[in-house]
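Chemist: Residue numbers (my numbering): 1 to 997. Beta carbons: idealized from backbone N, C-alpha and C, even for Gly. What follows is a structure written as structure tokens; I'll ask about it next.
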Amino acid sequence: MKIHKIPTSILLAIGILLAPMAARAQSAMPQSKTWNFKEIIAGDQYAAPPFRSIVQGRNGLVYVADNVGVLEFDGIKWNRLPLPAARMVTALGITDDGAIIVGGSESLLAVSSEGHAVRVKDLAGEMPGGLVGLGHIWEFALGKGFWCVRSEPRLLCKDSQGTFVLPAETRFGRLFSVNGELYVRDANHGLKHVTRRNLELVEGGGFYAERSLAALMPYGARGLAGISHDPFEIETWVDVDRAPVPAHVGAADTLSGQVGVARAMVDGTFGLPFVNGDLVILDDSWNEVARFQANQFGALPGAQAIHVDYEGGIWVAWSNAITRIDWPSRVSLFQESQGIHESPIGVIENRLGIIAYTNKSFTLLKDDVRIAGFERMAPNYPWIHRAASHGEDFLALTDDGLWSSQGRRLAFPKRSVFSYFVSPARPDEMLLGLRFGLACIQNVGANWVENGVRDDVSFDVLGIAREPGGTIWLSSNLGRVARLIPKPGSDVLTDAEMVEFDGDDGVPAGELDLKLIGGEAHIGSPGGFLHFADGRFEPSTNLAFEQTGPVAQFLPLNANEILVANSSGRLRLLSKGVSGAYAYQQSMFDGIAGFGNIRDILMDKAGIVWLATDSGVVRVDPSVNLPAPKPLQVLIREISSGERALFSGYGALPAMNLAEGDSIRFGFALPSYRAAEINSYRSRIRQVGGSEEWSKWSNEVRRDFTNLPAGGLLFEVEARDAAGALGGIASVPITVTAPWYRRTSTIVAFWLAGLAVLVIGVQWRVRALRARSAELERLVALKTEALQLAAATDPLTGLWNRHRFGQWVRDEVRAITEKAARAGAADPVDVIVCAIDLDHFKRINDQHGHTAGDTVLKAVAQRLQQIKREGDLVFRFGGEEFIYLGLNRHREEGDRLARQIVEELKRTRVELESGVLIDQAASVGWSVYPFYRERVDLFTMDFVLDVADRALYLAKENGRNCAFGYLPNLVVDDIDRTQADWRSQVFDRHPDLLKQV
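This is how it looks when you write it as structure tokens:
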């Protein structure tokens with residue numbers, strides 16, 4: 001394996017130089033994931049830090065620039081983009097069409113998919129003046145319809161018309177994109193606004209003529225905030241048309257050093273990477289709300305670059321590692337840097353606050369804010385097993401008895417105390433689990449007094465639960481449980497009758513978690529929940545294993561919810577239904593992972609859940625509002641058959657052609673990074689048109705299929721992220737061909753050869769049958785044509801009917817749509833859709849009979865046929881309703897055409913057999929297809945018909961015998977399309993969508 005190495009001496013020197021930074025306050029660490037550069041292996045090479053840029057592609061993949069190229073990450077595996085040669089990459093960006101812009105020393109590439117492969121285009125030849133002499137290409141910025149990258153002497157840009165350059169008057173500083181607008185600092189001149197092919201000095205931008213500008217971020221509705229370093233200062237524009245003013249920065253003395261390119265977070269905060277220091281989060285009042293140091297993540301100091309992904313997470317490039325931090329996060333981890341030494345075994349709450357403890361010490365959370373930490377409490381204790389809260393005090397259960405928080409032994413010297421239970425009905429009485437015994441103590445003043453001890457238990461009592469009726473249950477880690485039933489009228493512990501149960505009575509082996517659920521003792525075990533029934537322990541009927549899974553720890557949160565932790569540190573919320581049974585409930589706890597074994601669970605008075613884990617103390621705050629992430633799509637990342645690679649993750653999926661009996665492997669990934677290791681997938685391969693069962697949900701990211709059958713197959717994979725949100729379905733069609741001797745064509749050839757002799761012998765008969773068959777086919781064709789015509793034609797008027805309209809839409813509308821997409825604004829490519837309804841037609845049927853009505857309908861149909869222009873179409877939809885389609889028109893002709901129809905039909909006079917003359921009038925509502933020229937695919941012909949019907953209703957309301965039309969009133973981008981059912985809700989969400997004509 002070839003490895004790019006950074007000398008240990010250099011890394012050590014960097015660590016020594018930057019070590020003083022570790023003395024600053026650190027925030028509790030949100031849920032995160034870190035990849036040291038030696039854990040980033042692409043092909044046969046380690047990553048080559050420093051990492052200068054991080055971006056996320058349109059498909060969710062993450063790209064990182066390093067010293068030899070561009071790394072690509074899908075949440076599972078690191079790859080390298082296939083660039084022409086190894087090169088130091090200093091800038092990365094994603095264009096509107098999804099291309100990756102790669103900038104380096106006098107180099108600029110555009111990487112995109114073409115066919116089934118990667119296309120790398122060198123942009124040097126397209127840039128006016130070339131790239132020689134420009135030095136490094138730095139920041140990429142995406143504007144509205146164009147993008148730019150920065151070198152010191154020039155901005156290199158591209159829009160729909162081509163590439164162009166914008167020269168600096170002196171030299172360019174950093175380039176920024178804020179809300180789609182581009183800005184750049186020009187040394188000795190100030191901050192300039194980058195418009196298309198032009199640079200304009202911002203009002204007050206001269207403020208930065210002689211001052212550094214490290215970051216530029218959105219501020220308020222139309223404003224900007226600029227950040228300078230050395231000294232650290234923030235200036236704000238309330239409005240970009242006004243000069244900036246200095247902003248007050250809380251704890252500004254802790255902010256020093258060079259600031260990298262800052263980012264606005266999804267929660268309205270701002271992330272500032274200090275190139276030689278930390279990542280600092282400021283709120284919109286410029287107060288520090290969080291600080292993350294590299295050593296919290298096992299990395300060397302220095303935040304080189306940051307990026308905010310589609311889920312709101314922050315990607316940080318440290319000197320030698322990449323970290324993704326959930327932000328904002330409901331989950332925070334307190335570990336050694338926040339005062340938690342060793343792995344905690346429990347968490348309690350009393351009037352002092354939250355207290356975590358290990359087997360050796362207690363620590364108190366000093367302040368409930370993001371930069372809070374735990375501080376060790378004196379004194380030292382013997383080996384601690386558990387702790388119990390009691391008012392402002394707490395008690396330590398140790399190997400040498402029961403101790404107070406002041407370090408005073410209260411009871412049971414030289415005896416191990418393992419567990420406790422306090423009943424809400426008896427707050428001053430505590431049951432203690434001892435080595436081979438059980439004790440009861442009572443609080444009297446400042447002392448605890450023994451109130452009975454039993455030494456006849458055959459195991460160390462690690463769990464106690466006392467039911468409301470007085471029955472006491474004891475548990476162990478040896479697969480034994482004891483029950484104590486008090487004698488009637490006696491609360492004396494020694495008077496209670498004790499019975500022990502073991503494996504013969506249904507008690508599972510190993511350590512058990514014993515607690516009350518609804519006043520009844522339950523045991524949590526790897527096999528799920530057990531309760532006592534009919535003299536033995538049975539699986540709980542209300543807590544089925546299919547819903548709970550294995551149980552290592554559990555905590556009833558309230559009367560209807562239970563939080564369960566398994567031995568892998570995964571959490572599951574159970575919710576009680578109306579039947580009394582608990583069921584798994586998808587919740588925020590599903591996404592909590594990576595902290596190791598969970599030893600204890602606490603929910604404090606504020607509803608915050610605390611976990612004592614292998615990694616430290618985890619704080620879970622359900623009140624934190626998380627932004628809705630952008631929906632992500634599961635991706636097919638690789639396909640192979642045996643040793644043959646069929647697809648490597650780039651470009652469009654190729655057609656899969658395999659032989660019968662071949663095997664195939666699929667690799668897939670969901671680019672959701674909150675807890676990528678617990679994203680889950682299910683897949684299947686089925687015959688086209690078949691409905692084979694899906695596999696079970698699992699974390700496996702590869703699926704193998706062997707001995708493929710001949711025919712058309714379809715592979716499908718579905719994904720869901722750590723929170724249970726679905727990531728769509730990806731599919732791959734596969735054609736599997738049988739061996740030549742089993743192919744249908746070969747078998748048919750053998751049969752034809754065998755039948756050839758018979759064919760020759762009966763040739764005369766075959767000719768006669770063929771002639772007869774041809775005659776029958778001709779008759780059938782004539783009959784079929786007549787039936788098709790009858791099915792598509794209205795028998796009364798001879799016009800095409802609604803069925804034929806549907807056929808016409810399927811056959812012709814696609815071509816009309818494509819033509820409209822290519823046409824200019826003035827081209828006549830629209831379809832004027834007129835909905836015609838005869839006025840007061842029911843009166844004719846009621847007064848003169850249905851025969852008279854039929855006569856009027858025929859006359860109207862004939863009149864419409866007479867007035868229609870060549871190419872136009874007329875349909876009868878039923879009753880007195882007609883549809884007139886004016887083809888190859890401009891939408892501005894709609895009103896004139898509709899009024900023409902009204903006037904022509906008004907002149908239609910019908911004489912009945914009775915001699916009665918009827919002047920028939922009609923109302924017309926119209927609209928156009930495509931509804932939007934600029935987005936021809938947005939609305940269907942059915943939608944346009946609905947709009948025409950609405951216009952027809954308006955005509956009816958306005959006295960009939962008139963025409964009204966509707967055209968779009970909103971621009972396309974103003975339409976809310978954030979929900980899957982937006983089309984069905986469009987009129988409710990946008991009452992002003994239509995413009996009356």
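Starting from Arg536, follow the beta strand (DSSP E) in both directions and report where the run begins and ends.
Modeler: From DSSP, the beta strand (DSSP E) with Arg536 extends over Arg536 to Pro539.
Chemist: Helix, strand or coil for Thr548, going by three-state DSSP, please let me know.
Modeler: Here Thr548 sits in helix by DSSP.
Chemist: Under the assumption that Val829 contacts Lys819 (Cβ atoms under 8 Å), give the Cβ distance between them as a whole number of angstroms.
Modeler: Yes, Val829 and Lys819 are in contact; Cβ-Cβ is about 5 Å, under 8 Å.
Chemist: In the structure shown, what three-state DSSP assignment does Arg1020 receive?
Modeler: With the chain covering only 1 through 997, there is no way to say anything about residue 1020.
Chemist: Is it a yes or a no for the region 489–498 touching the region 451–465, going by three-plus beta-carbon pairs under 8 Å?
Modeler: Counting Cβ pairs under 8 Å, three or more are found: they touch.
Chemist: With DSSP run on the structure shown, which of helix, strand or coil describes Leu402?
Modeler: Correct three-state label for Leu402: strand.
Chemist: So which of Lys77, His136 and Leu83 has the shortest CA-CA distance to Gly103?
Modeler: Looking at the Cα atoms, His136 is the closest of the given residues.
Chemist: What ranges does the beta strand (DSSP E) occupy inside the region 17–91, keeping only unbroken runs of at least 3 residues that lie completely in it?
Modeler: Listed in chain order, they are 32–36, 53–56, 62–65, 70–73 and 78–80.
Chemist: Buried or exposed: where does Ile729 fall if 16 or more other Cβ atoms within 10 Å of its Cβ makes it buried?
Modeler: So Ile729 counts as exposed.
Chemist: Apart from the five residues just before and just after Asp284, which ones in its own chain have a Cβ nearer than 6 Å to its Cβ?
Modeler: Closer than 6 Å at Cβ, skipping near neighbours: Gly268.
Chemist: Using a Cβ distance threshold of 8 Å, determine whether the region 321–329 contacts the region 290–307, with at least three qualifying pairs required.
Modeler: They touch, by the three-pair rule.
Chemist: Going along the chain, which residues of its own chain have a beta-carbon closer than 7 Å to the beta-carbon of Glu904, five neighbours each way excluded?
Modeler: The answer, listed in chain order, is Arg863 and Ile867.
Chemist: Entirely within the region 624–665 and at least 3 residues each: give me those beta strand (DSSP E) ranges in chain order.
Modeler: Counting whole runs of 3 or more residues, the region 624–665 contains the beta strand (DSSP E) stretches 635–641, 644–647 and 656–659.
Chemist: Hey, how far is the Cα of Arg426 from the Cα of Leu402?
Modeler: So the two alpha carbons sit approximately 19 Å from each other.
Chemist: Since Ala835 contacts Gly925 with CB under 8 Å, what's their CB separation in whole angstroms?
Modeler: Sure, about 5 Å apart at Cβ, within 8 Å.
Chemist: Work out the CA separation of Gln996 and Ala955 for me, nearest whole Å.
Modeler: Spanning the two alpha carbons is a distance of roughly 11 Å.
Chemist: Does the region 631–642 come close enough to the region 716–733 to have 3 or more Cβ pairs within less than 8 Å?
Modeler: Touching, per the Cβ criterion.
Chemist: Report yes or no: do the region 467–474 and the region 440–447 share at least 3 C-beta pairs separated by less than 8 Å?
Modeler: Touching, no.
Chemist: For Gln763, is the classification buried or exposed, using 16 other Cβ atoms within 10 angstroms of its Cβ as the cut-off for buried?
Modeler: Classification for Gln763: exposed.
Chemist: Sorted by chain position, which residues of the same chain lie with C-beta nearer than 7 Å to Ile340's C-beta, five sequence neighbours on each side aside?
Modeler: Hits under 7 Å: Phe334, Ala356, Thr363, Phe374, Gly616 and Val617.
Chemist: I need the straight-line Cα distance from Arg637 to Leu885, nearest angstrom please.
Modeler: Each residue's Cα considered, the two are about 47 Å apart.
Chemist: Touch check for the region 838–853 and the region 764–774: three-plus C-beta pairs under 8 Å?
Modeler: No contact exists between the region 838–853 and the region 764–774.
Chemist: What residue range is occupied by the uninterrupted beta strand (DSSP E) comprising Arg426?
Modeler: Its beta strand (DSSP E) spans residues Arg426 to Leu434.
Chemist: For Ala28, tell me which candidate among Val149, Pro328, Ile562 and Glu39 has the shortest Cα-Cα distance.
Modeler: Of Val149, Pro328, Ile562 and Glu39, the residue nearest in Cα terms is Pro328.
Chemist: Output the distance between the C-alpha atoms of Ala446 and Asp428, rounded to the nearest integer angstrom.
Modeler: Cα to Cα, the separation comes out at about 11 Å.
Chemist: Just to confirm my understanding: we take Leu131, look at its own chain, exclude 5 residues before and 5 after, and list those with CB closer than 7 Å. What are they?
Modeler: Around Leu131: Glu106, Ser107, Leu108 and Ala124.
Chemist: Is it buried or exposed for His229, if we count other Cβ within 10 angstroms and need 16 for buried?
Modeler: Buried.
Chemist: Rounded C-beta distance between Ala214 and Val259? I'm assuming under 8 Å.
Modeler: Between Val259 and Ala214 the Cβ distance is about 4 Å, and since that is below 8 Å, they are a contact.
Chemist: Is the number of C-beta pairs between the region 943–963 and the region 914–925 that are closer than 8 Å three or more?
Modeler: Counting Cβ pairs under 8 Å, three or more are found: they touch.
Chemist: Do Gly312 and Pro627 have their beta-carbon atoms positioned less than 8 Å apart in this structure?
Modeler: Yes. Within cutoff.
Chemist: Quick check on Val762: does DSSP put it in helix, strand or coil?
Modeler: DSSP places Val762 in coil when its eight states are reduced to three.
Chemist: Spell out the partners DSSP gives Phe882 in its beta bridges.
Modeler: Paired residues: Ile836 and Arg876.
Chemist: Taking buried to mean at least 16 other C-beta atoms within 10 Å of its own C-beta, is Trp697 buried or exposed?
Modeler: Classification of Trp697: exposed, given that the 10 Å Cβ count is below 16.
Chemist: Can you pull the DSSP bridge partners for Tyr584?
Modeler: In the DSSP output, where bridge partners are listed per residue, Tyr584 has Leu574.
Chemist: Look up Leu787 in the DSSP assignment and give the residues it is bridged to.
Modeler: DSSP output for Leu787 lists no bridge partner at all.
Chemist: For the beta strand (DSSP E) that Leu514 lies in, which residues bound it at each end?
Modeler: Per DSSP, Leu514 belongs to the beta strand (DSSP E) from Asp513 to Ile517.
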